[in-house]
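Numbering follows this note's numbering, with no gaps: position 157 of the sequence shown is 157.
What follows is a short report on a single structure.
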Amino acid sequence: MAYRMGSIWRIGLSWIITLKWIYKVKHDKFGGILKNKARFVARDYRQEEGIDFEESFAPVARLDAIQNFLAFAAHMNMVAYQMDVKTTFLNDILREEVYVSQPEGFVDKDNLNHVYKLKKALYGFKQAPRALQISQSPRGIFSNQSKYTLESLKKYGMESNDLMDTPMVEKSKLDEDPQRKVVDPTHYRGMVGTLMYLTASRLDLTFVVCMCARYQEKLIEKHLHAVKRIFKYIRGTIDRGLWYPKDSSIALTAYADVDHVGCQDTRRSTSGSVQLLRDRLVSWSSKRQKSAAISSTEAEYIALFGCYAQVLWMRS
């Protein structure tokens with residue numbers, strides 16, 4: 001077993017963090033059962049910053065860096081490989097002293113009141129941290145998130161709903177309403193978070209998803225309807241993604257645009273930008289500006305500098 005072989009713990013005496021077994025069935029792409037999995041996880045809500053951990057982030061690559069890499073690999077006719085490190089989190093040596101309860105099935109009968117002192121990270125800890133499907137051909141590289149999209153539709157019961165041609169209604173107004181009909185915020189936030197991850201390969205979702213994300217604190221029924229419309233739209237566009245062809249140059253081109261005072265609540269403008277390596281889309285954004293522009297010219301300059309900052313990062 002990975003936990004034993006990796007020397008994850010040893011006996012100690014101190015305040016403890018409890019553990020829990022998590023059981024999961026792993027399926028193949030056809031829905032068949034590959035294997036049953038069991039995993040120990042720590043209930044990390046009992047960890048205190050500065051005592052049980054110092055940092056809580058995963059050192060992963062930026063999505064636009066990955067897209068730049070894929071575009072360049074396609075241009076150079078290279079083959080991109082993906083590797084996975086087995087039990088990655090269990091290889092991280094802990095600097096802090098962390099103690100956990102004796103897990104079910106591994107209780108020391110001679111020391112029932114003792115606990116384990118962890119030597120390496122365990123799933124569920126703050127110290128420990130979804131996925132693009134990439135297909136390659138002689139003509140280039142294609143990446144999308146069709147599998148994740150299908151899982152998301154099933155998760156929220158939207159796999160058999162009517163299809164929509166567009167992700168939002170033209171000139172849709174999602175402003176706040178004092179006479180609002182309150183809906184479950186947890187359900188709404190979960191749906192928005194799911195869609196946020198889809199924007200990693202779907203430029204067409206970025207603007208509307210970011211707009212819906214603004215109302216996670218003061219949401220009403222029409223916000224939920226707007227999010228459900230996005231799910232109906234992606235159901236009919238599951239196979240869309242990013243195409244990086246081989247036979248074209250690698251020249252960097254960028255575009256920026258803005259709507260003036262487009263936000264119905266703050267009267268702030270929303271900037272949008274895209275960056276391409278010739279005809280390969282590698283980076284994009286949709287973001288509400290931090291201050292209200294007094295003219296459309298000012299709003300355009302703010303959007304331009306935001307786009308230019310991304311270009312500088314890509315050139316560095």
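Backbone N, C-alpha and C fix where the C-beta goes; we use that ideal spot for every residue, glycine too.
Residues bridged to residue i by DSSP?
i      : result
Asp257 : Gly272
Val25  : Asn36
Gln82  : Its beta-bridge partners do not exist; DSSP assigns none.
Ile243 : Inspection of the sequence shows that residue 243 is occupied by Trp rather than by Ile. Paired residues: Phe142.
Ser283 : Gln275
Leu252 : Leu277
Ile16  : Beta-bridge pairing links Ile16 to no other residue.
Ser160 : Answer by DSSP bridge pairing: none, since Ser160 is not bridged.
Ser137 : Gly140
Excluding five sequence neighbours on each side, which residues of the same chain lie with their C-beta closer than 6 Å to the C-beta of residue i?
i      : result
Cys307 : Ala254, Ala256 and Ser273
Lys109 : none
Arg280 : Ala71 and Tyr244
Arg4   : At Arg4 the pLDDT is 48, less than 50, meaning the model places this residue with poor confidence; the figure from the coordinates comes in the next sentence. Nothing meets the Cβ criterion.
Glu300 : Val258
Met168 : Val208
Ser285 : Ser273
His260 : Ser269, Ser296 and Ala299
Arg189 : Gln216
Asn68  : Val282
Ala74  : Gly140, Ile141, Tyr244 and Lys246
Leu203 : Trp284
Asn77  : Lys246
If you drop the 5 nearest sequence neighbours on each side, which residues of the same chain put their C-beta closer than 8 Å to that of residue i?
i      : result
Lys173 : Gln264
Ser316 : none
Val192 : Val209, Cys212, Ala213, Gln216 and Val227
DSSP on residue i, reduced to helix/strand/coil?
i      : result
Val183 : coil
Lys154 : helix
Tyr215 : coil
Asn144 : strand
Lys228 : helix
Gln102 : coil
Ala42  : strand
Lys290 : coil
Ile264 : According to the sequence as given, residue 264 is Gln; it is not Ile. Correct three-state label for Gln264: coil.
Phe202 : A small correction: the amino acid at residue 202 is Arg; Phe does not occupy that position in the sequence shown. If DSSP states are grouped into helix, strand and coil, Arg202 belongs with coil.
Val60  : coil
Leu112 : coil
Lys222 : helix
Ile302 : helix
Ile66  : helix
Leu132 : coil
Leu118 : strand
Ser295 : coil
Ile234 : helix
Met76  : coil
Thr149 : helix
Thr166 : coil
Phe207 : helix
Gly31  : coil
Val107 : coil
Leu346 : Any question about residue 346 goes unanswered here, given that the chain covers just 1 to 316.
Leu312 : helix
Looking only at its own chain, which residues have a Cβ that is under 7 Å from the Cβ of residue i, when we skip the five neighbours before and after it?
i      : result
Ser135 : Phe142
Leu153 : Glu159, Phe231 and Arg235
Arg267 : Val261 and Ala292
Trp21  : Ala38, Phe40 and Glu104
Val79  : Gln136
Thr149 : Leu198, Ile234 and Ile238
Lys181 : Ile220 and Glu221
Quick one: does the C-beta of residue i sit closer than 7 Å to a heavy atom of the ligand SAH?
i     : result
Ala61 : By its list of ligands, the structure shown contains no ligand whatsoever, and the ligand SAH lies outside what it can speak to.
Quick test of the definition: if touching needs 3 or more C-beta pairs under 8 Å, does the region 197-209 touch the region 144-159?
yes
Contact between the region 185-194 and the region 205-222: three or more CB pairs below 8 Å?
yes
With contact counted as at least three CB pairs below 8 Å, one residue from each stretch, are the region 219-231 and the region 239-252 in contact?
no
For the pair the region 224-234 and the region 291-309, tell me if three or more CB-CB distances fall below 8 Å.
no
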